[in-house]
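> Taken in order, these protein sequences are the chains called A and B.
First residue of the first sequence? That's 431 in our numbering, and the numbers climb one at a time after it.
First residue of the second sequence? That's 409 in our numbering, and the numbers climb one at a time after it.
Please see the structure below; I have some questions.
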Amino acid sequence: MALPNNYEAVIGLEIHVQLSTKTKMFCGCALSFGDEPNVHTCPVCLAHPGTLPTVNERAVRYALQIGLALDCEIAPRSIFHRKSYFYPDNPKGYQITQYDEPLAVNGRLGDVRIHRAHLEEDAAKTIHVGSSGRIHGSAQSLVDFNRGGTPLVEIVTEPDLKSPEEAREWAQLLRTTIKQLGVSDVNMEEGSLRVDANVSIRQTGASKLGTKTELKNMNSFRFLERGIAAELERQAAVLDAGEEVAQETFHFDPRTGSLTPLRSKEYADDYRYFPEPDLAPLVSTDQMLEEARAALPELPANRRERYETELGLPEDAARQLAFDAELADFFERALQTADGAEPRTIAIWVTGELVARLREASDGEADPASSKVTPQALAALAGMVDAKQVTTGAARQVLATLVAEGGDPAQIVEREGLAQMSDAGELEAIVAAAIEAEPGAAEKVRAGNPKAIGPIVGAVMRETKGRADGGEVTRLIREKLGAG
Amino acid sequence: MSDILDLTAGQALDRIAAGELSNEEYFDAYAEAAAGDELGAYLWRAQAGSANGAGDGPLRGAPVAVKDIFCTEGIETTAGSRILEGYRPPYTATAVRKLAEAGGRVLGKTNMDEFAMGSSNENSAYGPVRNPWDRERVPGGSSGGSAAAVAGRLAPWAIGTDTGGSIRQPASLCGVVGFKPTYGAISRYGMIAFASSLDQCGPLTRDVMDAAILLRALEGRDPCDSTSVGIEGGVELPSRTDLKGLRIGVPRELSADAEGIETGVTEVFERTLGLIADLGAEVDECELPHSAHGLSAYYVLAPAEASANLSRYDGVRYGLRAGSEDGTAETALVSMYERTRAAGFGAEVKRRIMLGTYALSSGYYEAYYGRAQRVRTKIAEDFAAAFERFDYLVTPTSPTVAFKLGARAENPLAMYMSDYCTVPMPLAGLPAISIPAGLAQPDGGGPDLPVGLQITSPAFTESGLLGAAFAIEGAIGFDARPGGTG
Chain A
431 MALPNNYEAV
441 IGLEIHVQLS
451 TKTKMFCGCA
461 LSFGDEPNVH
471 TCPVCLAHPG
481 TLPTVNERAV
491 RYALQIGLAL
501 DCEIAPRSIF
511 HRKSYFYPDN
521 PKGYQITQYD
531 EPLAVNGRLG
541 DVRIHRAHLE
551 EDAAKTIHVG
561 SSGRIHGSAQ
571 SLVDFNRGGT
581 PLVEIVTEPD
591 LKSPEEAREW
601 AQLLRTTIKQ
611 LGVSDVNMEE
621 GSLRVDANVS
631 IRQTGASKLG
641 TKTELKNMNS
651 FRFLERGIAA
661 ELERQAAVLD
671 AGEEVAQETF
681 HFDPRTGSLT
691 PLRSKEYADD
701 YRYFPEPDLA
711 PLVSTDQMLE
721 EARAALPELP
731 ANRRERYETE
741 LGLPEDAARQ
751 LAFDAELADF
761 FERALQTADG
771 AEPRTIAIWV
781 TGELVARLRE
791 ASDGEADPAS
801 SKVTPQALAA
811 LAGMVDAKQV
821 TTGAARQVLA
831 TLVAEGGDPA
841 QIVEREGLAQ
851 MSDAGELEAI
861 VAAAIEAEPG
871 AAEKVRAGNP
881 KAIGPIVGAV
891 MRETKGRADG
901 GEVTRLIREK
911 LGAG
Chain B
409 MSDILDLTAG
419 QALDRIAAGE
429 LSNEEYFDAY
439 AEAAAGDELG
449 AYLWRAQAGS
459 ANGAGDGPLR
469 GAPVAVKDIF
479 CTEGIETTAG
489 SRILEGYRPP
499 YTATAVRKLA
509 EAGGRVLGKT
519 NMDEFAMGSS
529 NENSAYGPVR
539 NPWDRERVPG
549 GSSGGSAAAV
559 AGRLAPWAIG
569 TDTGGSIRQP
579 ASLCGVVGFK
589 PTYGAISRYG
599 MIAFASSLDQ
609 CGPLTRDVMD
619 AAILLRALEG
629 RDPCDSTSVG
639 IEGGVELPSR
649 TDLKGLRIGV
659 PRELSADAEG
669 IETGVTEVFE
679 RTLGLIADLG
689 AEVDECELPH
699 SAHGLSAYYV
709 LAPAEASANL
719 SRYDGVRYGL
729 RAGSEDGTAE
739 TALVSMYERT
749 RAAGFGAEVK
759 RRIMLGTYAL
769 SSGYYEAYYG
779 RAQRVRTKIA
789 EDFAAAFERF
799 DYLVTPTSPT
809 VAFKLGARAE
819 NPLAMYMSDY
829 CTVPMPLAGL
839 PAISIPAGLA
849 QPDGGGPDLP
859 VGLQITSPAF
869 TESGLLGAAF
879 AIEGAIGFDA
889 RPGGTG
C-alpha cells in the first residue's frame, strides 16, 4: 500500500560498510566470515587489561576512498571518540568511533546529499539462544568475537529520499559505488553492508519535519524497501488516528516482514562520548589524498555518462548497467569478447531479456555472474542477432536455453534448428502456402485491411518455427497479396 | 649478604661486570629479602634460585620489582583489585618485556592502590603497604609497594606508574628517587589503564644514576602504543656536579603557597634551595597561576577516562564474575554486570567511576570535561611560559611527610591534597623527578621522615633533568636509612 496522498515521506539512511582489509581496525587479527567462533581474537580485540588500539592504515586509505567517491570534503584532521555502553558484544565497554570531527563530510551521491562518513570498529556477534533470536526471551547468550573490531565506515545521508523505492535504488547505487572501489564485499546478507533507515512523514508541503523513527536489521534491498513502506504506513495510520509518532527504534523481522520496537535497555542513549586518548588524531596528508584519488576507479555516475556518449547506449540501459556492479561487470566482459556485436545490442540484451530471465529463475535477484550464462555466450548471441543469423524470437529461445543449462549459442541454434531462414525461395513457398491456407484473411488484406494479416503471419511462423524474420515475412505476404 | 643489599643497582651491575658478584647471587639475595617482606610490599614474589638465563644485556640479570599494574604473561596481575583476582594475562607489557630484553628479571609484583587510584596504598584490595620508616604510616601511593620495597631493601629498584603523582609522591614519602618521564617516553602497552592521557611508567630507585639506567632500558617508541614516541637521542647517564649557568624557578603556588604544606617540609625545601644556589644556579621565584586548579581539573579528567577504561571489567571474558539472578538472559546480564562490579571494585574506584560517568554525561560534558580540558591547556601554557625564563622548576614533592595509616582514609578530599604539587606536571605531560632532600617531623611532632624535592623540566629533556637531579643529589648527600625494616 502506498503512502496516502496527503502525506509525504522523508527518509534518510545510515549505512555501515565493513571494509575488506586483511586485519581488524585496531589489532592484527585476520578478518573472517563463517569461521569457527572466537578463533580470530587477541588480547587487544578481547579488551584484556592494558591493551591499546593501533589504527589500521589500510582502513584509513579505504575510508578516504569512500569519502572521495561520495564527493565529500575530507577533514585535514579527524579524531576518534569513545562511545560507552555495556553489552557483551562490546568488550571494552566503549566502541571506538568518530563523533564530532569525522573523516569526511558534506558529500553527494546521485540526488542524495551525504551528511558524513566516518571510521569505526564493528561489534562482536551475540547469538541469543531461543526462539526469537533476540535477548529478551532467550535463555542463554553466546558471543563470537571474530567480527569484533572489523573496520567499518558509517555513512549518514541527509533526509533526501522520498519513497521506499527511491531508498532501495539509491542504496543499490551506493553499493555499486563501493563495490567498484574494491574496499568492501558489500554483501547485505553476510552483513558487510548494513542499511538502517530514519523515517518520518509530514503533511504534503509542510516544512517542519515529523518525528522520525529508526529501522534496523533490513538485510536485503527488498527488505529495506518493504520495511520503510511498512513504517510509512504505520506512521500514516498513527497520524490519521490523531495521535503522535513516538521516537522509537524498530527491528525488522525478515521472517514475518514486521517491525517490532526495541526495548530501551537495548538502546541506551547517553553514550558519554569523549576523545579517545589512546589514539593520535588522523591527519590526511596531501600525499594520502592524492594516492586515494589516483586509486579511484570509474564510478557509476561517470560510467553512465561514458556508456551514453561513447557507446551510444540508451539512457535507461546505461543507467541500469552503471548503477548495478554485477550487471556492469558482466556487460564489460561481454563487450571485450564481442566480435561484431554492437554494444547497444549487448546492453539491451543484458538489461532487458537476461535480467528478466534471471529474475524469473531466482526469486527476483539478478546476478549474471552466478548464472550459467557466460559473457561470451551473451556477446555471441547479440552478434548473431546483429548479423541477422537469428531472429529476435529465436534468440529469446536460445537465451532461455542458456539460462537453463548454459552452453554455446551457435551450437544451440544448430541443434534446435533456429537459424534464420536465408533461402528466399523456401520462405516464399511457405508464404504462398500460408496464403492458401488462410483464404479469408487473404481476402481482407487484399480488400485493404492490413490488420487482417495476423493469421497468415502466424501460420508462416509456425511453419518456420520462428526462424523467419517477422518483418521480412510481412513484406512478402503483402507483396503477394498486392497490398504492398 | 647485607652488603649486597646496600649496593645501589648501578654499583651491583659494575661488580657483576667485574666478576666480583654473580647475577644469581644478586638475584637470590633480593629474592630472599623479598620472601621476608613484612611491609605488604609484594603481591607475588619470584623464588630464590629461580633466576635463569645468562643475564646478558646492560641489566645483567638484575632483579626488578614490578608494580602489579603491568601485565606479566602467566603471572597473576591484579592492579590491586578484587575484580582481577587470579587473572593471568596472556601477554607481557612492553615495559616489562624491554626490561627482560635488557637483561632484567622480574623479582616480584608490588602492591598498589586499586587501579592506581590512591595516595596511600590503603586502597589495595590485598591490604595496605607499610612505610619502612614508620610502619604505622603509609608509604604513599599508588606505587606504594614499589616505593616501600626499594626503601626497605626488598628490591634494588622497581618500576611504577604515575598519573597524578603515583611514582613521585610515594618516592618522597619513602625517601627514594621516583621519576615520571615525559608522556610518551615509555610504552603504556600492557600497563593497566587508569587515565590514559596521564598514565606513564617510570622507575623508583635508590639514586638518580639507577633511575637513568632503568629509564634507558624502558624508553622507546612502541608500535603497540600510538602515543609512545621514545626519547630522541636516548638517555645520557648523569655526571653533572654543579648547576653553573642554569636558571632554576620556584613556583610560588606549589611551594610556599601550597595548600596544607607542613613546616618541616618547607624548612627542608628552603635549605635545599640554598644548596642549589651554592651549586652555581640562579634561583628565582616564578608563577604557575593556574596550577592551583590542577587538582580540580585532574579530578574531572582522570575519573572521566577511568570510567571508560574500567568498563571492560564486566565479568564476561576474564576476572571476577559474580553469579547473576535467575531470569531471562536480559535480566541475568544486567544483574551479572551489577553484582560483578559491586563485588569487584573498592569504594574509591566506585567513587571515581561515578564521578567520571557524571562528568561525561550528556548535558554536563561541557561544564566539567570541557572546562577541565581548558584548565589543562592553561596549565601547560603556564609551564611553557615559565620555561622561557627557567631551565628547571623545583617544588616540594608532597606537602607533607608520610601520614598515619587511616588518617585520611575517611576523607577523600584530604587524600586528594597529597597530590597537590605533583598533579600539574602530568596534566602538561612534563617529566618530573622526586629525590630525597632530607628528613623532617610531621606537623604536631613525630619521627623524622623523608621529604622529597621535585624537579621538573620541558618535555623530552630527561637527560638534562637527570643531570641536574644528580648534581643536587650529590650536594644534599642524603644517607639516612629507614630503621624499621628489621
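We put the beta carbon where it would ideally sit given N, CA and C, even for glycine.
Owing to the predicted nature of the structure, the values given are computational and were not obtained by experimental measurement.
Out of Ile-575/B, Glu-738/B and Arg-660/B, which one is the CA nearest neighbour of Ala-700/B?
Ranking the options by Cα distance to Ala-700/B, first place goes to Arg-660/B.
> Would a C-beta distance cut-off of 8 Å place Leu-604/A and Leu-645/A closer than the cut-off?
Contact: no.
> Please report the distance separating the alpha-carbon of Ile-669/B from that of Pro-807/B.
The straight-line gap from Cα to Cα measures roughly 4 Å.
> Threshold first: 3 residues or longer. Then list the beta strand (DSSP E) segments lying entirely within the region 786–838 of chain B, N to C.
Here the runs fully enclosed are 800–804.
> At 4 residues or longer, and completely inside the region 748–783 of chain A: list those alpha helix (DSSP H) runs for me, N to C.
755–767 and 773–778, all fully within the region 748–783 of chain A.
> Throw me the rounded Cβ distance for the Val-625/A and Ile-886/A pair, which I believe falls under 8 Å.
The Cβ separation is near 55 Å, so there is no contact.
> In the structure shown, what three-state DSSP assignment does Glu-550/A receive?
Strand at Glu-550/A.
> Of all the residues that make up the region 511–533 of chain A, which are near chain B by a beta-carbon distance shorter than 7 Å?
Cβ contacts with chain B come from Arg-512, Ser-514, Phe-516, Pro-518, Pro-521, Lys-522, Gly-523 and Tyr-524.
> Whole angstroms are fine: how far does the CA of Leu-443/A sit from the CA of Thr-679/A?
One C-alpha to the other measures close to 14 Å.
> With H, G and I counted as helix, E and B as strand and the rest as coil, what does DSSP make of Thr-430/A?
Only positions 431 to 914 of chain A appear in this structure, which leaves residue 430/A out of reach.
> Measure the C-alpha to C-alpha separation of Ser-450/A and Glu-667/B and round it to an integer number of angstroms.
Approximately 57 Å, taken between the alpha carbons.
> Please report the residue range of the alpha helix (DSSP H) in which Arg-845/A lies.
Element bounds for Arg-845/A: 839–846.
> Let me know the alpha helix (DSSP H) ranges lying completely inside the region 587–625 of chain A, each 4 residues or longer, listed in chain order.
Entirely contained in the region 587–625 of chain A, the alpha helix (DSSP H) runs reaching 4 residues are, in chain order, 594–611.
> Please report the straight-line C-alpha distance between Asn-647/A and Thr-775/A, rounded to a whole angstrom.
In a straight line, the C-alpha of Asn-647/A is about 40 Å away from that of Thr-775/A.
> Sort Thr-590/B, Thr-785/B and Ala-459/B by Cα distance to Gln-608/B and report the nearest one.
The residue with the shortest Cα to Cα distance from Gln-608/B is Thr-590/B.
> Check for me: the alpha helix (DSSP H) holding Asp-816/A runs from which residue to which?
805–816 is the extent of the alpha helix (DSSP H) around Asp-816/A.
> Looking at the C-beta of Leu-482/A, does it have a partner C-beta in chain B at a distance below 8 Å?
So, interface residue.
> At what residue ranges does the region 553–579 of chain B contain a whole run of the beta strand (DSSP E), taking only runs of 3 or more?
Runs found: 565–570.
> For Asp-851/B and chain E, any beta-carbon pair shorter than 8 Å?
Structure shown: chain E not included; protein chains present are A and B.
> What residues in the region 615–639 of chain B bring their beta carbon closer than 8 Å to a beta carbon of chain A?
Those would be Pro-631, Cys-632, Asp-633, Ser-634 and Thr-635, in chain order.
> For Asn-539/B, which residues in the same chain have their Cβ closer than 7 Å to its Cβ, ignoring the five residues on either side in sequence?
Around Asn-539/B: Arg-545, Val-546, Pro-547, Ala-556, Leu-581, Cys-582 and Ala-810.
> Along chain B, in chain order, which residues have C-beta atoms closer than 8 Å to that of Ser-571/A?
By Cβ distance, chain B contributes Ala-737 and Leu-741.
> Residues in the same chain with beta-carbon distance under 8 Å from Thr-634/A, minus the five sequence neighbours each way, listed in chain order, please.
Asn-435, Asn-436, Tyr-437 and Glu-438, listed in sequence order.
> Mind listing which residues of the region 591–604 of chain B have their C-beta closer than 9 Å to chain A's C-betas, in chain order?
The region 591–604 of chain B vs chain A, Cβ under 9 Å: Ser-595, Arg-596, Tyr-597, Gly-598, Met-599, Ile-600, Ala-601, Ala-603 and Ser-604.
> Where Glu-509/B and Arg-453/B are concerned, what is the direct C-alpha to C-alpha distance, given to the nearest angstrom?
Glu-509/B and Arg-453/B: Cα-Cα distance of roughly 20 Å.
> Starting from Ser-514/A and walking both ways along the beta strand (DSSP E), at which residues does that stretch end?
Where Ser-514/A is concerned, the enclosing beta strand (DSSP E) stretches over 510–514.
> Taking 6 Å as the limit between beta carbons, can you name the residues of its chain near Pro-850/B, skipping five residues before and five after?
Cβ neighbours of Pro-850/B beyond the five flanking positions: Val-809.
> Let me confirm a value: Glu-428/B is counted as buried when at least 16 other C-beta atoms fall within 10 Å, else exposed. Which label applies?
Result: exposed.
> Residues in the region 703–721 of chain B with C-beta within 9 Å of chain A's C-beta atoms, listed in sequence order?
For the region 703–721 of chain B, which is checked against every Cβ of chain A, the residues closer than 9 Å are Ala-712, Glu-713, Ser-715, Ala-716, Asn-717, Leu-718, Ser-719, Arg-720 and Tyr-721.
> Could you pull the start and end residues of the alpha helix (DSSP H) that Glu-433/B belongs to?
From DSSP, the alpha helix (DSSP H) with Glu-433/B extends over 431–443.
> Can you have a look at Ala-493/A and say buried or exposed, based on whether 16 or more other CB atoms are within 10 angstroms of its CB?
Buried, by the Cβ-count rule.
> Nearest to Thr-767/A by alpha carbon, out of Leu-741/A, Val-447/A, Leu-784/A and Ala-810/A?
When only C-alpha atoms are compared, the closest one is Ala-810/A.
> So, at 8 Å on beta carbons, what are the nonlocal neighbours of Leu-582/A in its own chain, with the 5 sequence-adjacent residues on each side left out?
Hits under 8 Å: His-446, Val-447, Gln-448, Leu-449, Met-455, Leu-549, Glu-550, Glu-551 and Asp-552.
> What first and last residue would you give for the beta strand (DSSP E) that runs through Pro-850/B?
Note, Pro-850/B: premise wrong, no beta strand (DSSP E); not H, not E.
> Using a Cβ-Cβ cutoff of less than 8 Å, which residues in the same chain neighbour Asp-650/B once the five nearest sequence positions on both sides are dropped?
Cβ neighbours of Asp-650/B beyond the five flanking positions: Leu-687, Gly-688 and Ala-879.
> Taking only the alpha-carbon atoms, compute the straight-line gap between Val-939/B and Arg-543/B and give it to the nearest angstrom.
The structure shown does not extend to residue 939/B, since chain B is modelled only from 409 through 894, so no value can be given for it.
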